[in-house]
Structures are given as structure tokens and as C-alpha cells.
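There are 4 protein chains.
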Amino acid sequence: MTTLSKAPDWQVARWFNTEKPLTLAALRGKVVVLEAFQMLCPGCVSDGLPLAARIHETFGRNDVAVIGLHTVFEHHDAQTPTSLEAFLHEYRIGFPVGVDEVGEANGIPQTMAAYQMQGTPSLVLIDRHGHRRAQHFGHVPDLRLGAEIMALIVEPEPADQTAAGD
Amino acid sequence: MTTLSKAPDWQVARWFNTEKPLTLAALRGKVVVLEAFQMLCPGCVSDGLPLAARIHETFGRNDVAVIGLHTVFEHHDAQTPTSLEAFLHEYRIGFPVGVDEVGEANGIPQTMAAYQMQGTPSLVLIDRHGHRRAQHFGHVPDLRLGAEIMALIVEPEPADQTAAGD
Amino acid sequence: MTTLSKAPDWQVARWFNTEKPLTLAALRGKVVVLEAFQMLCPGCVSDGLPLAARIHETFGRNDVAVIGLHTVFEHHDAQTPTSLEAFLHEYRIGFPVGVDEVGEANGIPQTMAAYQMQGTPSLVLIDRHGHRRAQHFGHVPDLRLGAEIMALIVEPEPADQTAAGD
Amino acid sequence: MTTLSKAPDWQVARWFNTEKPLTLAALRGKVVVLEAFQMLCPGCVSDGLPLAARIHETFGRNDVAVIGLHTVFEHHDAQTPTSLEAFLHEYRIGFPVGVDEVGEANGIPQTMAAYQMQGTPSLVLIDRHGHRRAQHFGHVPDLRLGAEIMALIVEPEPADQTAAGD
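Residue numbers (my numbering), protein chains in the order written: chain A, 83 to 248; chain B, 83 to 248; chain C, 83 to 248; chain D, 83 to 248.
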């Protein structure tokens, strides 16, 4: 049997597009799509964020929560929360976006480190029970991702999953 | 309860890309994606057929069968099986394609009429039990279609579905 | 000095989208863009013909004449004039299109052979004096082609060009 | 006779991708393509800047000079030179880029005001004599722009142009 592991909690310094902070625990019961990006990463702008926006539009809000995470690991002075706020406005990003908390030494922010992301864009799928089920770095085809998300939406409540990896 | 209706059998004059004729009955147990097209329909060439090819590549052959159906309802002299054969070769269509059987009076071929398709491209989703579950005319976003197909792949075997609408 | 050579006359079996046959001689005074294609050539459908249509829309009819040439060198039974007529209708090709005259032995039609084209799509630029000035096989970027066409449009009437290569 | 007017000099606070400041006067003799943009303007990122980069690659450096101009008229705190530097690095912009000098009252920078630009992206064509010949706001098709640039490249030296509008 494959044991499933809980997705790490995220550490967010500041939120946009939401009135109050969002936690993985509070989203339990929904499939969570976590889109990690940097505002000056070309592949995030042309590919990752539009994909996240399509997911946000396609699936019901009760089934799927799309969360952006600004994981700045380079150009820290250029990609500040002030710049991010203007970016989100200009690109009309409507889903909640958190700013990943500054990390210790190497410039990698805390949540990005906890998830061991390889870079941006990275997309993480978390099931209704809070388990990390997939993590993609770079381009993900819509057809495949639509299938992966639906597989988690319709997943029956398995007794062994809720017990595993906690 | 929604009663589900059986997808109409298809009437095919000639097959390409398969050694023997394919029937819906023989595909029972798989999700069937039926892509109805005409070789000289621009939206089929730019949109519908590439989508069908992506489905063919993305999902396992044991789960999903992609079937093309050449539903010629105009330009009959131009879209002959001879022309279709060259078209399939040039566009490297790898999945099985049937030529819809000529219809009675109005130029609409038989399967297209039985499915009451509005035009081409039309995409039909048929579940593992042979029930028609969705039919789309025109563009379908990959993300949504990936989700719809996966919903049928993982569908549990319901006792009431097999009895309904037959 | 570069000597310029006259573009070969084209041999056309049948014309579409023009009331009377077109000859290079009759187009003298205009820049001629000759787009050689096959209706079942994917690169012609997705790239070459839309480019030719954009040229047709962008430049004045007194400056530039866009001429399609159906140079069938394979799948002769599939790409008949009957099929071509439906193709031109469905793809809304508005510029004149000639069917290249069947060739001698190897299936290469006569004009395609005279121009020594490597395949389809091929785009030939002919100046106001009837000299062939450029010939491209495959994709040509719009920016570069726009520049090449304009260079021929504004070309001053040089005394030596009219004398060379005839 | 159309009188041609000199393009306004640009006021630049800081340059990137050039060792020394660039002036219109020093570029006399070349066709100048001035691409005015903001780093957080989606249409600039997806459309205007890639077009400028294609122009930079397509035409000879002795014929055409491509100059970017960062005309920040909104989100001034977000689109600082520090952020711009990271942006130019990530998007691999290779041509010289100047930061338009802060304006007086309404947030419009000085060069943008002098050229009376309507917004970003704006593309200005300046001929070899320093006259402004075209100014486009928003999308410009490659084919048309290639033609416009070439028309200026090959333009004969007219006696009346150098005298007009100065």
C-alpha cells in the first residue's frame, strides 16, 4: 500500500485577494491546487498562472481551491509585495495569493523549501484530506491536469488514506 | 434519478487504422471518445482532431478508446474515402477512423443523424457501459474535457445505471 | 553585378477565384507573390496559406498580386480539382488559385518542376519586371517577408534590371 | 507636400544594455524603432516586446536601431529601475532600454508626454533623418510593420525631407 503524506503547511507573510489568511487545515474537504510562481518568471506568466486561472474558472469553488504562492528565490529586491500587488492587478489574478515567508540562508523561501520545489512554476495537487498527491515542475498539459484534478474530486473516502502518513 | 440512454450504434461503411471493424458493444468496458469530423472542416483540422489525438496519447488504451468518425454532410464528392485516406496519412492520425454510412435523403450520414449532431466537430463521451454521457459541438477546453473523461474512467459500477434506459 | 532571371511562366490547367486565366506577363508591373501548396499538406494549411491571405489583405491590389498554385506531387487521386474547390470554399481562400499542370513522369507538376521547388509550401517573390527575386521553402517569418515585399514594391526602375537575364 | 516633423528627443534617467547614453542625434542615419512599454503591462510582455525583439533579430544593426523605453505612467512604486533590471534579465531583452524621465504632475513621464502616446505598448518609427514617420498604439501585425520598416530603410535621400518641419 502506498502511504500518503500530509502536504506541509505553508508559511505566508502576506495575503492578497482574500480577507483572511488561508490555511491548509481550513481548506480540508476541498482539492487544493497550489500554484507556486514568481512574477518575473516568464514561464509562470505565459503558462503557469493562466493555467491556474483556467482551473479557477473551470471547477466549482466547493470542490477545488486555487491558491497562488509567490515563492521568490531570486531578484528579491525586484519582486517585492508592492510589485506583486501591481502585477496581480494588471494580470487580473482573481484567486488568493500568498507571499511565501523569507527563508533562512540561501534565498529559498520557507514553503518552497518545505515542498522541495525545483523552481517555478510548480503546481501541487493536494487531496480533500490534505495529502500531497502530485507536484509538477514546468509545463503541465491541461488535458492531463484536468484528469488529475477530477480524479481527486471524485475520490471516495478511503479509510486507510485518512490514517496514513499523518 | 436521471435515466441514462444507450449511445446509438454507429453505421460505418469503411474503417481506417484498424484491422477489423469496431463496434460499441466490443468496446464495452472502456470509455469511448467519438470524434465526428469532416476532413475539409477547418475547425476539425485545427481544433477537434488535435484534441482527439491528445486524448489518444494521454489516457491508457485500456481505459479510453478514441474513435474518429468521418461524418460527411457536405462536399460529398470532395471528401471521399480516397481523399480521407491521404488526409489521415498526411495528418498522422493514429486512432481508428470510420466513414459514416451514407444517409437517406438530406445528405446527413446515418450515425450523425442517429446522434442528432449539430455539425462538425462534435465530440461524444460514452461511458464504460455504453451510455452516452456528453456531446459537445465545437470547441471544448482541454481542462474541462480531461475532467469529464476522468470522471467516467473512475466511475464506480452503479447497479442502477446498467439497468436504465436500455 | 547580379544578373536577374525571368520567373518561368506557369502552366495552369484550371483557375479558381478569377474570371479569366492569369499570366505572369499580364501581371507585369505588380509584385507577384506565388504561394505553391497542396490542400492536404498540413504546413500549407496551418502556415503557408494563412500567410498568403495576410499578404493579400495587407498590401494594395495595385502593388501586389497574390496567386495560389496547387502543385500536387503526391496523393494525386485525393487532391483533385473537385476536392480543391471545396477546400478553397471551406477555408475561404479569396485570391486566385491555379491548378499546376500535370507533369511528365515523376508526378511533379510542370510549374513546380520549372521553378525547381523543393516541396510545399513554397513562396516565390517576383518583381514588377517579372524577375524571380526570392523563393522560400517552408516557414517564412511575417516580419522578414513584409520587408522583402516592400523592398520590391518601392524598388526604383533600374535600367540594367530590365535588360538582364532575359 | 507632406511636411515631416522631427521626432522629439527622449529624456532618459538611466540606460540598460548600452555602455553609454543613446541620443536620437547619434542614431541619425539609421531607422529607429522605439518600443515604449511598461514591465507590468500584459500586452507589452506578450506582444510588444517580443515584436521588438524580432525586429532586433531580423534587420541589420547598421540599418535599424531598436530602442526600448520604459514609460511608467502607473504603479510607479512597483515598476522601479531595480525591478526593470531583473525583468530585462529574465525576459532576455538584448536591445538598449532607457527609463523615461519622471514627469511633472500627472504621472506621465516626459518622453511619453512629448510623443503624446496613448498608452503602452506604443511603437514609433523614426526615419534615417530623425523624422517621426509612424506611431502605433497596441498590436501591430508583423507583416505590415516589416513593410513599414523596409520602406524607411530603402528610402532615397530626398532633398525636400531634410528641409521640412525642422
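Here a beta-carbon is modelled for each residue, glycine too, at the ideal position from N, C-alpha and C. All of these numbers come straight from a predicted model, not from anything done at the bench.
- In terms of beta-carbon proximity, residue 153 of chain C stays away from the interface with chain B, with every pair separated by 9 Å or more.
- Under the three-state reduction of DSSP, residue 210 of chain A is assigned to coil, being neither helix nor strand.
- For residue 134 of chain B, the closest of B:166, B:207, B:106 and B:237 by C-alpha to C-alpha distance is B:207.
- DSSP, reduced to helix, strand and coil, places residue 185 of chain B outside both helices and strands of the structure shown, so it counts as coil.
- What residue 233 of chain D touches in chain C, judged by beta-carbon distance under 7 Å, is 232 and 236, going in chain order.
- Within the stretch 100-120 of chain A, not one residue has a Cβ closer than 8 Å to any Cβ of chain D.
- In this structure the stretch 155-172 of chain C does not lie against the stretch 85-96 of chain D, because fewer than three pairs of beta carbons, one per stretch, are closer than 8 Å.
- If you look at residue 169 of chain C, you'll find it in the alpha helix (DSSP H) that goes 163-172.
- Sequence-distant Cβ neighbours of residue 222 of chain D in its own chain, meaning closer than 8 Å and more than five residues away, are 133 and 205.
- Taking 9 Å as the threshold, the shortest C-beta distance from residue 128 of chain B to chain C falls below it.
- For residue 105 of chain A against residue 91 of chain A, the beta-carbon gap comes to about 7 Å, under 8 Å, which counts as contact.
- Shown here for residue 95 of chain A: same chain residues with a beta carbon closer than 6 Å to its own, the five before and five after excluded, namely 181 and 183 in chain order.
- Rounded to whole angstroms, residue 232 of chain A and residue 116 of chain D show a C-alpha spacing of 48 Å.
- Cβ neighbours of residue 189 of chain D within its own chain (closer than 6 Å, five residues either side excluded): 155.
- Counting along the chain, residue 95 of chain B sits inside the beta strand (DSSP E) bounded by residues 94-98.
- Rounded to whole angstroms, the gap between the alpha carbons of residue 203 of chain C and residue 120 of chain C is 7 Å.
- Excluding sequence positions up to five before and after residue 110 of chain C, its CB lies within less than 8 Å of the CB of 210, 211 and 212, all in the same chain and listed in chain order.
- The stretch 122-131 of chain A makes contact with the stretch 160-177 of chain A: 3 or more CB pairs, one atom from each, lie closer than 8 Å.
- Pairing residue 123 of chain C with residue 166 of chain A, the inter-Cα distance amounts to about 46 Å.
- Interface annotation, residue 228 of chain D: in contact with chain C, CB-CB separation under 9 Å.
- DSSP, read as helix, strand or coil, puts residue 146 of chain D in strand.
- Taking the CA atoms as reference points, residue 150 of chain D sits about 16 Å from residue 140 of chain D.
- Within chain C, 223 and 225 have C-beta atoms less than 8 Å from the C-beta of residue 136 of chain D, given in sequence order.
- Taking the Cα of residue 219 of chain D as reference, the smallest distance to any Cα among D:238, D:93, D:225 and D:199 is reached at D:199.
- Spatial neighbours of residue 194 of chain B in its own chain (CB-CB distance under 7 Å, excluding positions within 5 residues in sequence) are listed in chain order as 118, 153, 155 and 182.
- Contact annotation, residue 225 of chain A with residue 145 of chain B: C-beta distance approximately 13 Å; criterion of less than 8 Å not satisfied.
- For residue 116 of chain C, DSSP records a beta bridge to C:149 and C:206.
- In this structure residue 160 of chain D touches residue 164 of chain A by the C-beta definition: roughly 6 Å separates them, less than 8 Å.
- When Cβ-Cβ separations below 9 Å define contact, residue 219 of chain B makes no contact with chain A.
- The beta carbon of residue 217 of chain A sits closer than 8 Å to those of 197, 199, 204, 205, 206 and 207, all from its chain and outside the five residues before and after it, given in chain order.
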